[in-house]
Amino acid sequence: HLLQRPFRGRFLVRGLFLVPYALPIYTAAMIWKFMLDRSDGVVNAALSGAGLGGGNFWLLGGNAFLSLVVTAVWRLWPFAFLALMAGMQSVPGDLYDAAECDGAGPWQRFRFITLPVLRPVAQVLALVLFLWTFNDFNLPYMLFDQSVPSAANLVSVHVYQSSFLTWNFGLGSAMSTLLLLFLLAVVLLFLAATSWRRRAS
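Each residue of the sequence shown is one higher than the last, beginning at 285 in the numbering used here.
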């Protein structure tokens, strides 16, 4: 919302925000793998310098899922930023000016103008990000190699391990089919909900 207003260096700031999404996934995973390293990682060094501990195993045990979530959010949030920013640019500036002349404050303009316009964009964005992250295999595989901890053992990783490590292609095919059916059910529910809401309005 703040980046919609013109200011000096806005183009540069927008470009910097898109850097994580522009990086290849291998580069992004390696950056976070080095940062989360127990011995030489920046995260543990920062925590130790701030007196909040240090020496944590971020890529092992229960912290592995948190590390995976942070890495995935860092890599994908620029896509959400870009989509929402494009949606906000579709709002005519005259609409904000008219609301301001009528006495609407910043919060009222954001609530009654910006949010309704962004609702369809946010719904599609949530669906796309859900589909991307639910069956993501590249990021956990590159972050943990083949020794993925049980806390970060996603369905896609489990399908790979069953198919190509234990050579149980039957189990891997069954899980892949169930994963496909689940994602199709989510998409159909989303389409049905949006269609019902459109008819109701």
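A virtual CB, placed ideally from N, CA and C, is assigned to each residue, including glycine. Remember, predicted model here, so these are calculated numbers, not experimental data.
According to DSSP, is residue i part of a helix, a strand, or is it coil?
i, result
"residue 465", "helix"
"residue 347", "helix"
"residue 407", "helix"
"residue 439", "helix"
"residue 303", "helix"
"residue 393", "helix"
"residue 334", "coil"
"residue 434", "helix"
"residue 482", "helix"
"residue 416", "helix"
Starting from residue i, trace the alpha helix (DSSP H) in both directions and tell me its first and last residue.
i, result
"residue 322", "No alpha helix (DSSP H) contains residue 322, which DSSP labels as neither H nor E."
"residue 422", "422-428"
"residue 381", "377-385"
Within 10 angstroms of its Cβ, does residue i collect 16 or more other Cβ (buried), or is it exposed?
i, result
"residue 431", "exposed"
"residue 542", "Past the boundaries of the shown model lies residue 542; the chain is included only from 285 to 485, so the question cannot be answered."
"residue 402", "buried"
"residue 428", "buried"
"residue 389", "exposed"
Assuming residue i contacts residue j (C-beta within less than 8 Å), just tell me the rounded distance between them.
i, j, result
"residue 435", "residue 341", "Rounded, the Cβ-Cβ distance is 11 Å, inconsistent with contact."
"residue 359", "residue 312", "5 Å"
"residue 372", "residue 288", "6 Å"
"residue 415", "residue 467", "6 Å"
"residue 460", "residue 441", "Wrong, their Cβ atoms sit about 12 Å apart, outside the cutoff."
"residue 355", "residue 300", "Not a contact, Cβ separation roughly 19 Å."
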